[in-house]
Each structure stands twice: as structure tokens, then as C-alpha cells.
Amino acid sequence: MRQQPMRWMGVLAAFAWSCRADVSVTNGGFELPSVAAGGYTTSAPDGWTWAGAADKVGVAAQAQRFGGVAGDPLPAPAEGRQFAYMIGVGSLYQQVGVVATNRRYTMTVALGTRSGSVSGYTELGLGAGLWYDTSLACVAGTSNMVAGTFGELSFGFDTFGALGAYAGQALYARVKHFTDNQGAYDAVRVTESDEPAFVSNSGFEFPMVAAGGYAYVPTCWLVKNAASRAGVSAMADKFGGAAGGALPAPADGRQAAFVLNDGFLIQDIGAVLSNKLYTLTVASGTRSDYTGRGTNTFWLRAGAWDSGATLACRTDVMPAPGTFADSAISFETGKGVNADKIGSRLFLIMGGASVASVPQCIYDNPRVVVAERPDAYLANAGFEAPVVDAGDWSGSVAAWEGVGAAGSFGVIAYAHRFGGFAGGPMPAPGEGRQAAFAAGGASLYQDFGVIESNKIYRLAVSCGRRSD
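For the sequence shown, the working numbering begins at 1142 and goes up steadily by one.
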């Protein structure tokens, strides 16, 4: 159930919201029809339709192809004892529901490569109308799985914007194979939620690469200025572990993304909705074989990744060599804040490092939380709107009224006046990259709610003094 707003000390609380449910996928684990240990069939799994050559599809109980014993359970993230296989060009598909407006649909699939085999070329999709008519979400490319393993990929689409036009049409899940080698698929599931934002392939585990290896262009991501400017690597040995092993927290999994100095990683992660607080947290890292640290920048923008309005950004000193550290940015909508961005697509952009001695910036585990604003709250309390350039200022403050002469109040991105660098994060107990200023008797005020009985109201404010 969706959480109801709560009040604590009157104001300032925000609560994550989500109503998520499974969409019925028939035989998503491919356990039917059941076959004997080591056996297989040569027809479509129960509940699925096959579009391809005869005898090139089926289910198999062959865990021995994935480090186990024939007929035993498959290794995670696969499930059960059977998987679907496809050879050559063909698709397995089924209708899983009907498209509705203002929803997010997420499809998750376990992809596998048999031991002694090579990765195939695959396409996963959610489509409307007929399974082949319209791809509302599609991921295509070599699965690049290490032989004898499965990996899991989640992706999807939302209908908060233009794709809401497909409401009422049938929703199809599709798994397509393109190459003569055998592809293995398992644990297909689809969820439906009201989450307005979601990061696909957030662990950068696809395409999967061998220990110590790398590949360009992470699945579900766009790379600029050229395909060779960003990718994925399995180099935990640069972070105190073993090549191909698990990365240290707050990174996640065995792979991370790298972005070169002039590169950008980009993804459309959802929609900007009203009366919400969006918080993005990203783990950034510095390789142990780098002597410098440099700075890195990531953004949330509305409308377009390059020319869209910046909703939030952060430039920060990268963590010590051999480590990861989390950084967070946020923006809000409501009470006039970012009102002109409502309904826009939301883009996440992650840029490269700033210095030649740090040719790669490492990113992992970007995750976004969307919270609904309560009835009474202090809007733009971090003074992050409007967003101003590093070292710049604005003579207005979103959601606040000012009393005083023009230029005597506003917001600044002056962390260099507090021991940092222009546009960088403010020191605690400040927060974010911007602060408000008032001078010459000017003041700022905001009406943020109605006084209620039986409440205690407390106001905390961080006050600062510039170093100059």
C-alpha cells in the first residue's frame, strides 16, 4: 500500500512511496514441461509462443552446463532446475497484461552461457499491441556472459509521459535470440509500480566481462562523446580484492563503470512529477594505481541530457585511491519549485575525472529514491533552486519571498568561501552545493503550513561565515 504522509515536529519529513506488484508471467522459470535429469525438449515451453525454426527451442534440466549436476538446481540468479534454450534466430513471447497510464513496468531476466560455449546475441523487450509491433523497452546486444554462468538484467519503461498513449493495449514480454550458439534464459519476471524513476543495469554487470577485463558501452546506457569513452570493467584488484571478485561497498557486484576524462554516461531514468523529492546516490571510486584524486561531476537534468535544465548536480573530490564513497544529490518539485519541469523526462549523466593523472572515473550502484512531500514542509530548505554555476549566484530563491533591495538576497554556489572549491559541496552542517545569503538587513521568509494544536515546532538552521 502507498504510505500516507506523516508529520513529525510539524515539518520537514518526506516519505518514500511505491506500490509494486508482480505481473503474472506464465512459467517464467521454465519448469514446465518437466524433463528428466540431463534431458531437454524441442518445443516451446508451456505458456510461451515460439516464433522461429522448428526444434530450435525447448527447456533443459542441464545444471551440469553451469557447474552443477544434471537435474540439480541451477546457480543463482537462475532458479529451479530447468532453463529455456534457443538456437538460431527466434523469439519466445507471451502477453503478460495490459498497459496502463502512470505506471512503471520492469522486466528482469537471467541470461546464461553454457560452459564451453560463447556468448550469443540477444534481445529482451516489453512490447505493446502485438509482441512485434512496438518495443516500449528493448535491450539488445551480446550477453557476454562468462561461460558456465548466469547473470541478471533488469530494465523497463514508464507511462508517465508520451508512452501513456499506449494505455489499453496488450503488454507482451519477449526474449529473442539471434545466433547459432545456444542461449540460456531463466527467471523471467515483470513488475508494475508507481515509481517515477528507475536506473536500469545500475550495477553495470552487463555486458559481463572476464576477470580483469573490460568492455565499452554498458547495457541500457548511452555513451558520449564516443563509444570508447566509457564502459564496464571487472577490476576489483584495483580496490583491494581479486580481479573479477566482488567490489567493496558502497559499490555493488563484481563490475563497475569507467568514464574517461571527456566521456559521459547517460540514461533516461524516468519522469519529473509534482510534489516529490528525488534523491540520487552514486558510488564513485578511484583506482589504487592512480596517484591523483581529481574531481568528478554527475547531474540530473530535465528534458534532454545535454541541453536540458539542470535539476541537481555535484562536483566533488574523488575518494582516496583504492576506495569507493557515496555522494548524493537531490531536487524537489512542489510549491512552485521546478514547476516548469513537471512532465519532463529525467536524465542521469555521469562525467569523467578532471585531471590527466586520473584518466578514469569509476562509478557504481546509482540508485534513486522518490519521496512524496507531506502536507506541511519547508520547500527548498537546502537552497538548491535555482541551480547556479560554480562560483555564481542568483538574486532569487525558489519557494521563498525576499524583503530587501535587489541583489541583497539569493543563492550562491560559493563552497570555495568555506574551505572547498567553487560549486563543490558545502561543509557540514551545511548541505548540498548551494546556500542562501542575505545582506544589508534583507530577509527571507516562507509560509510552509498551518499551525496545529498539540504539536511542537522546532526550526534548525545552519549559519555560515565566508572565509573572506
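Note that CB positions come from ideal geometry on N, CA and C, so glycine has one too.
Computed from a predicted structure; not experimentally measured.
Taking 6 Å as the limit between beta carbons, can you name the residues of its chain near A1157, skipping five residues before and five after? In the sequence shown, residue 1157 corresponds to position 16, counting from 1. Summary for A1157: the model assigns pLDDT 48, below 50, so the residue's position carries little reliability; its value from the coordinates is reported in the next sentence. Taken in chain order, the residues that qualify are V1510, A1512.
Which full runs of the beta strand (DSSP E) of 3+ residues lie inside the stretch 1146-1229, going along the chain? Entirely contained in the stretch 1146-1229, the beta strand (DSSP E) runs reaching 3 residues are, in chain order, 1162-1164, 1190-1193, 1198-1201, 1224-1228.
Just to confirm the assignment, what range does the beta strand (DSSP E) spanning L1418 have? Counting from 1 along the sequence shown, the entry for residue 1418 is found at position 277. From DSSP, the beta strand (DSSP E) with L1418 extends over 1417-1427.
Just tell me which of E1473, F1439, P1570 has its CA closest to the CA of V1458. Position 317 of the sequence shown, counted from the first residue, corresponds to residue 1458. Taking V1458 as reference, the option from E1473, F1439, P1570 with the minimal CA-CA separation is F1439.
Unbroken beta strand (DSSP E) run spanning I1470, endpoints: As a working mapping, residue 1470 is identified with position 329 in the sequence shown. For I1470, the uninterrupted beta strand (DSSP E) run begins and ends at 1464-1473, by DSSP.
Sequence-distant residues of its chain with Cβ nearer than 6 Å to E1293 (five each side left out): Reading the sequence shown from its first residue, position 152 is the one you call residue 1293. Once the five neighbours on either side are set aside, the close Cβ partners of E1293 are P1218, A1251.
Alpha-carbon to alpha-carbon, Q1310 and A1195: Residue numbering aside, residue 1195 sits at position 54 when the sequence shown is read from its first letter. Residue numbering aside, residue 1310 sits at position 169 when the sequence shown is read from its first letter. Taking the straight line joining both Cα atoms gives about 30 Å.
Which residues bound the beta strand (DSSP E) around V1544? Residue mapping note: residue 1544 aligns to position 403 of the sequence shown, counting from 1. In this chain, the beta strand (DSSP E) harbouring V1544 covers 1542-1544.
Quick check: what's the CA-CA separation for W1272 versus S1232? Looking up residue 1272 in the sequence shown gives position 131. Looking up residue 1232 in the sequence shown gives position 91. In this prediction, W1272 scores a pLDDT of 49, lower than 50, which makes its location untrustworthy; the coordinate-derived value is nonetheless stated afterwards. C-alpha separation (whole angstroms): 10 Å.
Proximal residues to A1580 (C-beta, below 6 Å), its chain only, five neighbours per side dropped: Taking the first residue of the sequence shown as position 1, residue 1580 is located at position 439. Answer for A1580: S1549, listed in chain order.
Just curious, the beta strand (DSSP E) that G1231 is in, first and last residue? Here residue 1231 refers to the residue found at position 90 when the sequence shown is read from its first residue. Taken as a continuous stretch (DSSP letters only), the beta strand (DSSP E) holding G1231 covers 1231-1239.
T1290 - containing beta strand (DSSP E), residue span: Counting from 1 along the sequence shown, the entry for residue 1290 is found at position 149. For T1290, the uninterrupted beta strand (DSSP E) segment begins and ends at 1290-1299.
Buried or exposed: where does P1186 fall if 16 or more other Cβ atoms within 10 Å of its Cβ makes it buried? Sequence index remark: in the sequence shown, residue 1186 carries index 45 (1-based). Buried, because 16 or more other Cβ atoms sit within 10 Å of the Cβ of P1186.
How is Y1598 classed by DSSP in three states: helix, strand or coil? Here residue 1598 is taken as the residue at index 457 of the sequence shown, counted from 1. Note: Y1598 maps to coil in three-state DSSP.
contact_flag[the stretch 1207-1223, the stretch 1323-1335] where n(CB pairs < 8 Å) is 3 or more: By the C-beta criterion, the stretch 1207-1223 is judged to be in contact with the stretch 1323-1335, since at least 3 inter-stretch pairs fall below 8 Å.
When we look at the beta-carbon of E1336 and count the other beta-carbons within 10 Å, is it buried (16 or more) or exposed? By 1-based counting over the sequence shown, the position of residue 1336 is 195. That one is buried.
Report the rounded CA-to-CA distance for G1590 versus A1520, giving the unit in angstroms. For the purposes of this step, residue 1590 is taken as the residue at position 449 of the sequence shown. For the purposes of this step, residue 1520 is taken as the residue at position 379 of the sequence shown. G1590 and A1520 have their C-alpha atoms spaced approximately 10 Å apart.
Given D1393 as reference, the closest of A1554, E1346, D1378 once Cα atoms are compared: Start at 1 with the first residue of the sequence shown, and residue 1393 comes out as number 252. When only C-alpha atoms are compared, the closest one is E1346.
Is the Cβ-Cβ distance between R1315 and G1268 less than 8 Å? Translated into positions along the sequence shown, residue 1315 becomes position 174. Translated into positions along the sequence shown, residue 1268 becomes position 127. Yes, the Cβ-Cβ distance between R1315 and G1268 is below 8 Å.
Could you name each continuous alpha helix (DSSP H) segment of 4 residues or more that falls completely within the stretch 1560-1588, going from the start of the chain to the end? If we require 4 residues or more, the stretch 1560-1588 turns out to have no alpha helix (DSSP H) run fully inside it.
By how many angstroms is the C-alpha of G1354 removed from the C-alpha of Q1396? Translated into positions along the sequence shown, residue 1396 becomes position 255. Translated into positions along the sequence shown, residue 1354 becomes position 213. One C-alpha to the other measures close to 10 Å.
Determine, using beta carbons only, whether A1445 and G1404 come nearer to each other than 8 Å. As a first step, residue 1445 is located in the sequence shown; it is residue number 304 there, counting from the start. As a first step, residue 1404 is located in the sequence shown; it is residue number 263 there, counting from the start. Taking C-beta atoms as the reference points, A1445 and G1404 fail to come closer than 8 Å.
Taking R1244 and G1297 to be in contact with their CB atoms under 8 Å, please state how far apart those CB atoms are, rounded to whole angstroms. The sequence position of residue 1244 within the sequence shown is 103, counting from 1. The sequence position of residue 1297 within the sequence shown is 156, counting from 1. 10 Å between Cβ atoms; not a contact.
Taking the alpha-carbon positions, what's the T1432 to P1462 distance? As a first step, residue 1432 is located in the sequence shown; it is residue number 291 there, counting from the start. As a first step, residue 1462 is located in the sequence shown; it is residue number 321 there, counting from the start. If you take the alpha carbons of T1432 and P1462, they lie about 7 Å apart.
L1312 and V1240 look like a contact to me (Cβ under 8 Å); what is the Cβ gap, rounded to whole Å? Numbered from 1 along the sequence shown, position 171 holds the residue referred to as residue 1312. Numbered from 1 along the sequence shown, position 99 holds the residue referred to as residue 1240. About 5 Å; that satisfies the 8 Å criterion.
Could you pull the start and end residues of the beta strand (DSSP E) that A1453 belongs to? For the purposes of this step, residue 1453 is taken as the residue at position 312 of the sequence shown. Note, A1453: beta strand (DSSP E), 1450-1458.
Span separating the alpha-carbon of A1387 from that of T1360: Stepping through the sequence shown from its first residue, residue 1387 is reached at position 246. Stepping through the sequence shown from its first residue, residue 1360 is reached at position 219. Rounded to the nearest angstrom, the two C-alpha atoms are 20 Å apart.
Could you check whether G1302 and A1443 sit closer than 8 Å to each other, using their CB atoms as the reference points? As a working mapping, residue 1443 is identified with position 302 in the sequence shown. As a working mapping, residue 1302 is identified with position 161 in the sequence shown. Not closer than 8 Å, so no.
Local Cβ density within 10 Å of E1473, reported as buried at 16 or more and exposed below that: Locating residue 1473 in the sequence shown gives position 332, where the first residue counts as 1. When all chains shown are included, E1473 counts as buried.
At what residue ranges does the stretch 1332-1420 contain a whole run of the beta strand (DSSP E), taking only runs of 3 or more? Within the stretch 1332-1420, the complete beta strand (DSSP E) runs of at least 3 residues are 1355-1357, 1363-1365, 1371-1374, 1397-1401, 1405-1412.
Can you tell me whether DSSP reads R1245 as helix, strand or coil? What you label residue 1245 is simply residue 104 of the sequence shown in a count that begins at 1. Collapsing the DSSP output to three states places R1245 in a strand.
Between which two residues does the beta strand (DSSP E) carrying L1489 extend? As a working note, residue 1489 is residue 348 in the sequence shown. Start and end: 1486-1492.
Report the residue from N1168, R1161, T1190, V1200 whose alpha carbon sits nearest the alpha carbon of A1177. Counted from its first residue, the sequence shown places residue 1177 at position 36. Distances from the CA of A1177 to each of N1168, R1161, T1190, V1200 were compared; the closest alpha carbon is that of V1200.
Looking at G1605 and G1573, is the spacing between their C-beta atoms short of 8 Å? Position 432 of the sequence shown, counted from the start, is the residue given in the question as residue 1573. Position 464 of the sequence shown, counted from the start, is the residue given in the question as residue 1605. Not in contact: G1573 and G1605 (Cβ atoms no closer than 8 Å).
Taking 7 Å as the line, does the beta carbon of F1405 fall inside it for any heavy atom of the ligand GDP? The model depicted lacks the ligand GDP and carries no ligand whatsoever.
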